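Numbering (UniProt numbering), first residue to last: 1 to 124. Presented below is the structure to which this report refers.
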């Protein structure tokens, strides 16, 4: 089992095209850990903003009485992919991984696969 810092490093090094990654508490909108980002992407701002996306999807599923869990949420931009993956373990309730990818360098299917592996190995 990996701690937050190790898991974020694994995401940045094992996922081709990774720009930045964060572990986010979607109750508060705070990033509990970040790696990457920089001038082109403020991960703390992204964490707060994408918390609204996660909350909205959870609310919509509740209103629709959908009893399934969210595997991941994908936002496609002209030059980037943004992935959000809720943590499924009991200790990760209310947390999600946020990953930004350079669309030209990333393989979306592999990124989703690797992010799932990172999420499964993460112990909070």
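By construction, the Cβ of each residue, glycine as well, lies at the ideal position given by its N, Cα and C atoms. Treat the numbers as computed from the prediction; the structure is a model and nothing was measured.
Going by DSSP, what residue range makes up the alpha helix (DSSP H) through residue i?
i         : result
residue 4 : 4-14
Secondary structure at residue i, three-state DSSP: helix, strand or coil?
i           : result
residue 51  : helix
residue 126 : Residue 126 lies beyond the range of the chain shown here (1 to 124); nothing can be said about it.
residue 35  : strand
residue 97  : strand
residue 115 : helix
residue 87  : coil
residue 122 : strand
I think residue i touches residue j, with their Cβ atoms under 8 Å apart; what is that distance to the nearest whole Å?
i          : j           : result
residue 2  : residue 122 : 6 Å
residue 41 : residue 100 : 6 Å
residue 16 : residue 106 : 6 Å
residue 33 : residue 8   : 6 Å
I'd like to know if residue i contacts chain D, where contact means its C-beta is closer than 8 Å to some C-beta of that chain.
i         : result
residue 8 : The structure shown contains no chain D; it is built from a single protein chain.
Could you tell me the distance, in whole angstroms, from the CA atom of residue i to the CA atom of residue j?
i           : j           : result
residue 6   : residue 67  : 32 Å
residue 103 : residue 113 : 16 Å
residue 72  : residue 39  : 26 Å
residue 14  : residue 83  : 15 Å
residue 109 : residue 74  : 11 Å
residue 124 : residue 64  : 30 Å
residue 46  : residue 52  : 10 Å
residue 87  : residue 57  : 15 Å
residue 37  : residue 20  : 4 Å
In the DSSP assignment, find the unbroken beta strand (DSSP E) run with residue i in it and report its ends.
i           : result
residue 22  : 18-25
residue 106 : Counting along the chain, residue 106 falls outside any beta strand (DSSP E), and DSSP gives it neither H nor E.
Let me confirm a value: residue i is counted as buried when at least 16 other C-beta atoms fall within 10 Å, else exposed. Which label applies?
i           : result
residue 97  : buried
residue 43  : buried
residue 10  : buried
residue 119 : buried
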